[in-house]
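Residue numbers (my numbering): 1 to 186.
Just so it is clear, CB atoms sit at the ideal spot from N, CA and C, and this is done for glycine as well.
Beneath this line is the structure, given in structure tokens, with notes to follow.
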């Protein structure tokens with residue numbers, strides 16, 4: 001792709017609002033992970049996910065070596081965690097709560113919106129990436145009350161509940177302003 005086509009393609013794809021996830025796996029030397037927006041639900045029966053990982057990344061090496069990976073969906077307040085796993089050379093697992101789980105001791109992050117534990121079903125080399133098809137062996141929605149973290153126009157955003165909560169809080173404030181003892185302090 002020419003540089004101008006690459007930039008135009010990046011701009012076009014940046015206009016797509018996409019959930020932010022962290023993919024984790026394990027090398028013999030320890031846990032590995034990366035922030036990703038390339039996660040796709042492929043099938044419900046059987047439950048299958050498709051991820052895209054850069055070929056030369058440690059996460060790709062972990063997925064290929066262990067044959068297992070986890071996809072963690074992030075909530076709106078986890079932008080810092082997304083940045084931690086997106087920064088090359090950083091200890092991604094420093095100062096966070098996680099534990100190994102399952103046959104491959106896949107690193108599972110705690111307090112995320114939800115997660116899926118997967119076993120690799122197929123790996124497809126495409127350009128400088130691997131597309132990895134994973135069979136979902138377990139999944140959990142941990143915080144249904146939290147809005148998701150999404151990526152749009154090269155920055156983080158959220159959708160849903162915060163606007164509704166703000167509207168409801170404003171309505172409650174209006175009601176209380178009319179009650180004796182609940183008005184504005186002057």
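- Note that the C-beta distance between residue 31 and residue 93 is below 8 Å.
- Here residue 153 is exposed: its Cβ has fewer than 16 other Cβ atoms, across all protein chains shown, within 10 Å.
- When rounded, the separation of the alpha-carbon atoms in residue 58 and residue 33 is 8 Å.
- Counting C-beta pairs closer than 8 Å gives three or more between the region 61–72 and the region 8–25, which meets the contact rule.
- Assignment of beta-bridge partners to residue 9 by DSSP yields no partner.
- Distances from the alpha-carbon of residue 35 to those of 10, 19 and 110 put 19 closest.
- Between residue 136 and residue 49, the beta carbon gap of about 6 Å places them in contact (Cβ cut-off 8 Å).
- Straight-line measurement puts the Cα of residue 7 at about 25 Å from the Cα of residue 132.
- When Cβ pairs closer than 8 Å are counted between the two stretches, the region 142–159 is seen not to touch the region 116–126, the count staying below three.
- Here the alpha carbons of residue 14 and residue 5 stand approximately 14 Å from one another.
- Distances from the alpha-carbon of residue 150 to those of 70, 104 and 113 put 113 closest.
- If you ignore the 5 residues before and after residue 160, its C-beta comes within less than 7 Å of the C-beta of 147, all in its own chain and listed in chain order.
- Under DSSP, residue 101 shares a beta bridge with 106.
- The C-alpha of residue 157 is placed about 26 Å away from the C-alpha of residue 107.
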